[in-house]
Amino acid sequence: MELYITILTLTAVLSTSAEFEHVGLMYAGCSDVEEQFYIGYDEEELGHVDFKQKKKVQTIPDIAGKNITFPRFYEIGTNAIVGCKRDLPIFVQTFKSLPLETDAPQTSIYPRDDVELGVQNTLVCHVTGFFPPSVNISWAKNNVTVTEGISLSQYRPKTDDTFNIFSALKFTPAEGDIYSCTVNHKALQGQPQTKIWDVDVALPSVGPVVFCGVGLTLGLFGVILGMFFLIKGHNCH
């Protein structure tokens, strides 16, 4: 089921120069099974509503020791979803007959922290630049589907009218393990996009030690050989 999004874009121009233009975003999204309400600033999330736990999740940091809050944030989000659900049948009927422009996602996979064997870490699958905002993300370890230890962020809008989303997998790296993140999206036309990451922890290199050892041995050999010829020379005289 597609996630239908209603976006309210607020643009604040702080200068006549385009490089100083900042964009605030607030959107409500809904489908038969999904509900999302989000606010952001310059593609950075300020907060969203967790409808399952029925609370707001504010992600804006303290500024100069002052905690900035959004009054009635949860209530505003709830009301927006009520309106979205009310208009959902109209959206479905209207867009059913219209050609839908799509943008294919770009996917990357990387560990959150430096990798150490046997130490729990988190793999992040970042999917960005896609439209419409409905993707399916799945994980596998050594070609076996993984279903536990996975978390998924909200859809986050970008200023170019596309979206991005993060999926995270908790894992404990072991030498030789191979992980993959597979993305399905309408724009991929039935050809899933898969990114692979394997556990390859670099071991300390023995090259410099070996070369230093060889160099030292050859150096000592040269000194001993020089002393030998020096002694032989004296004996000849």
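Numbering (mature numbering (1 follows the signal peptide of the UniProt record, and there is no 0)) for the sequence shown: -18 to -1, 1 to 219.
The C-beta atom is built at its ideal place from N, Cα and C for all residues, glycine as well.
The structure displayed is predicted, hence computed values, not measured ones.
Work out the CA separation of residue j and residue i for me, nearest whole Å.
| i | j | result |
| --- | --- | --- |
| ASN166 | PHE77 | 21 Å |
| PHE153 | SER135 | 18 Å |
| ASP69 | LYS37 | 24 Å |
| GLU25 | PHE55 | 19 Å |
| GLU17 | ALA10 | 8 Å |
| TRP179 | LEU82 | 33 Å |
| ALA150 | THR89 | 13 Å |
| TYR20 | SER162 | 29 Å |
| GLU57 | GLY29 | 13 Å |
| ILE91 | VAL117 | 16 Å |
| SER133 | ILE119 | 11 Å |
| VAL39 | MET8 | 14 Å |
| THR141 | LYS168 | 21 Å |
| PRO71 | SER13 | 10 Å |
| CYS60 | VAL106 | Note that residue 60 corresponds to Thr in the displayed sequence, not to Cys. For THR60 and VAL106, the distance between alpha carbons rounds to 30 Å. |
| VAL31 | GLN102 | 29 Å |
| PHE73 | ALA62 | 15 Å |
Since residue i and residue j should fall inside the 8 Å C-beta cutoff, what is the C-beta to C-beta distance between them, to a whole number of angstroms?
| i | j | result |
| --- | --- | --- |
| THR104 | PRO93 | 7 Å |
| PRO155 | VAL181 | 4 Å |
| PHE113 | THR84 | 6 Å |
| PHE145 | TYR137 | 5 Å |
| ASN124 | ASP159 | 6 Å |
| PRO139 | GLY22 | 7 Å |
| GLN173 | PRO87 | Incorrect: roughly 12 Å between the Cβ atoms, too far for contact. |
Quick check on the DSSP output: the beta strand (DSSP E) that includes residue i runs from which residue to which?
| i | result |
| --- | --- |
| THR176 | 175 to 180 |
| GLN18 | 17 to 23 |
| GLY111 | 103 to 112 |
| VAL128 | 126 to 128 |
| LEU151 | 145 to 153 |
| TYR92 | 88 to 93 |
For the alpha helix (DSSP H) holding residue i, just list the boundary residues, first then last.
| i | result |
| --- | --- |
| GLY29 | Where GLY29 is concerned, there is no enclosing alpha helix (DSSP H), although the beta strand (DSSP E) it sits in stretches over 26 to 32. |
| LYS168 | It is not in any alpha helix (DSSP H) - LYS168 carries neither H nor E in the DSSP assignment. |
| LYS123 | No alpha helix (DSSP H) contains LYS123, which is instead part of the beta strand (DSSP E) from 117 to 123. |
| LEU70 | 55 to 78 |
Who are the Cβ neighbours of residue i in its own chain at under 8 Å, not counting the five residues just before and after it?
| i | result |
| --- | --- |
| GLY100 | THR154, PRO155 and ALA156 |
| LEU198 | Bear in mind that a pLDDT of 39 at LEU198, under 50, signals an unreliable position, so the number given afterwards is only what the model happens to contain. Within the same chain, LEU198 has no close Cβ partners at all. |
Short of 6 Å in beta carbon distance, which residues of its chain neighbour residue i, apart from the five on each side in sequence? Order them along the chain.
| i | result |
| --- | --- |
| GLY65 | none |
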